[in-house]
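Below you'll find the structure, written out as structure tokens, and then a few comments.
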Amino acid sequence: MAAGRSNQLVKQIGEYLVACELARRGLLVATFSGNVPDFDLIRGGAWQFSIDKFADITFDGSRQLIGRKKPLPIPQLVCVFVLAAEKYGDDQFFVLEWSKVQDIVITIYRRWLDTHGGVRPRKPDSLHCAIVMENLQKYKDNWSIISSTR
Numbered sequence: 385m386a387a388g389r390s391n392q393l394v395k396q397i398g399e400y401l402v403a404c405e406l407a408r409r410g411l412l413v414a415t416f417s418g419n420v421p422d423f424d425l426i427r428g429g430a431w432q433f434s435i436d437k438f439a440d441i442t443f444d445g446s447r448q449l450i451g452r453k454k455p456l457p458i459p460q461l462v463c464v465f466v467l468a469a470e471k472y473g474d475d476q477f478f479v480l481e482w483s484k485v486q487d488i489v490i491t492i493y494r495r496w497l498d499t500h501g502g503v504r505p506r507k508p509d510s511l512h513c514a515i516v517m518e519n520l521q522k523y524k525d526n527w528s529i530i531s532s533t534r
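Numbering of the sequence shown is given in the working numbering, commencing with residue 385 and proceeding in unit increments.
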């Protein structure tokens, strides 16, 4: 199967898994199917971001300096990360506020940069960062934050 088609299938599966789970919990749901910026699904063992979406970044030569957190466009936005399983019923959901995602991304990025003296070793100007499943464990099946916000 072509990579593009495979990625689209993963996005569709994840989106509908979340929609089904929300409907089970008594919420009315509409899917965006990739048509709304920043509301999307991605495939892989890690969820990819750019640090400048969450914090002000400046450079001192090749050294990156993490500044203040950026204001979030929708502070109460709830984010659901999905790890779609091969076997039916083994899917995992990590449910947290977007502000928590911001905190996690900044903490991970700062920690990683500190181990490299503030300079990314391969591409100093890169702002790429990622969240892996281990960073989200305490938010697994944290659906109560959605029902408490409606």
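C-beta atoms are modelled at their ideal positions from N, C-alpha and C, and glycine is treated no differently.
| Item | Value |
| --- | --- |
| If I measure Cβ to Cβ from V432 and keep anything under 6 Å in the same chain, skipping five residues before and after, which residues do I get? | Looking at the sequence itself, residue 432 is Gln, so the reference to Val does not match. A514, listed in sequence order. |
| Assuming F477 and V464 are in contact, meaning their beta carbons sit under 8 Å apart, how far apart are those beta carbons, in whole angstroms? | 6 Å |
| Determine whether the beta carbon atoms of A439 and Y472 lie at a separation below 9 Å. | no |
| DSSP has W431 in a bridge; who is on the other side? | I515 |
| State the DSSP-derived secondary structure class of K453, mapped to helix, strand or coil. | strand |
| Give the DSSP bridge partners of R494, in chain order. | For R494, which the question treats as bridged, DSSP gives no partner whatsoever. |
| In this structure, what does DSSP give as the bridge partners for R447? | D444 |
| Between which two residues does the alpha helix (DSSP H) containing I529 stretch? | S528 to S531 |
| Within 10 angstroms of its Cβ, does V503 collect 16 or more other Cβ (buried), or is it exposed? | exposed |
| To the nearest angstrom, report how far apart I529 and I441 are at their CA atoms. | 31 Å |
| CA-CA distance, R427 and Q392? | Residue confidence is low: R427 scores 45 on pLDDT, short of 50, so the model does not pin down where it sits. Its coordinate-derived value is still stated next. Rounded to the nearest angstrom, the two C-alpha atoms are 9 Å apart. |
| Exposed or buried, which one is I458 when buried takes at least 16 other CB atoms within 10 Å? | exposed |
| Rank K507, L401, D475 and P455 by C-alpha distance to the C-alpha of D487 and give the top, closest one. | P455 |
| With DSSP as the reference, identify every bridge partner of C463, one or two as the case may be. | L480 |
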